[in-house]
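According to my numbering, numbering within the sequence shown proceeds without interruption in unit steps and concludes at 173.
Beta carbons are placed, not taken as given, at the ideal position from N, Cα and C, and that holds for glycine.
Predicted model only: the values in this text are computed from it and were never measured.
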Amino acid sequence: GIVQVVAEPSDAAGNRDVRSDDVRLDTVAPNGVLVVANNAGFVTTSTLAVNATLDGATRFALGVEPFSCPTTLPAAPTFPVNQGPFGDGAVTLVGCFGDDAGNVSQNRLTLTVDTQAPIARVALDNGASFSNDLVVDVVVSDAADVVNALFAEGAVNCTTATRNSELNCGAQ
């Protein structure tokens, strides 16, 4: 709200002067939200394009945890702001959102950088090169980050297999 400040200086002779001014009192920190790749949780690039919503914030700083907000924040930039490059793994970004009164809030965003394709071993019928069976067993293994794999026999799709699981492809 608005607060009126009144000052009445006087000297030894008793002369007085009355001065007043209105000051806007702001004790509430602004809100802000970090956004990277629609906050999908995973990104496939090593440099991140960071966006932010600045709900009442006019000042902004960005860092990677561990990061402490500086005492004085710079003016908010034009977004997106590039951050990185990062190696594969978890990254926690820290956004510091400030207003002109000096109030500051923080928001964190944790995501996983994954720039490498998985390398998996696929075994057809236990490693056989040939088969006389119309149904072929397929096993996906080795790559720890394989979530699923889709196999096809010609134009006929098989089901989706998860890591270290088995599926049958062939005459349906």
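Kindly identify the DSSP beta-bridge partner or partners of residue i.
i           : result
residue 57  : Residue 57 pairs with nothing; no bridge assigned.
residue 5   : 23
residue 96  : 63 and 108
residue 11  : 17
residue 114 : 44 and 90
Is residue i helix, strand or coil by DSSP?
i           : result
residue 62  : strand
residue 104 : coil
residue 77  : coil
residue 52  : strand
residue 83  : strand
residue 91  : strand
residue 32  : strand
I need the straight-line Cα distance from residue i to residue j, nearest angstrom please.
i           : j           : result
residue 101 : residue 27  : 9 Å
residue 172 : residue 33  : Only weak support exists for where residue 172 lies, its pLDDT of 45 falling under 50; the value from the coordinates is given anyway. Near 55 Å, if we compare the C-alpha coordinates of residue 33 and residue 172.
residue 110 : residue 16  : 60 Å
residue 6   : residue 76  : 28 Å
residue 94  : residue 3   : 36 Å
residue 41  : residue 61  : 23 Å
residue 78  : residue 57  : 14 Å
residue 9   : residue 23  : 15 Å
residue 86  : residue 19  : 59 Å
residue 99  : residue 118 : 39 Å
residue 64  : residue 107 : 11 Å
residue 35  : residue 25  : 28 Å
residue 82  : residue 51  : 5 Å
residue 21  : residue 92  : 51 Å
Mind reading off the beta-carbon distance from residue i to residue j? Whole number of angstroms is fine, and I expect it under 8 Å.
i           : j          : result
residue 116 : residue 89 : 6 Å
residue 74  : residue 37 : Not quite, the Cβ-Cβ distance comes to about 20 Å (not below 8 Å), so this is no contact.
residue 114 : residue 44 : 6 Å
residue 53  : residue 96 : 6 Å
Verify the CB distance criterion: does residue i have a CB-CB separation below 8 Å to chain C?
i         : result
residue 2 : In the structure shown, chain C cannot be found, because there is only a single protein chain.
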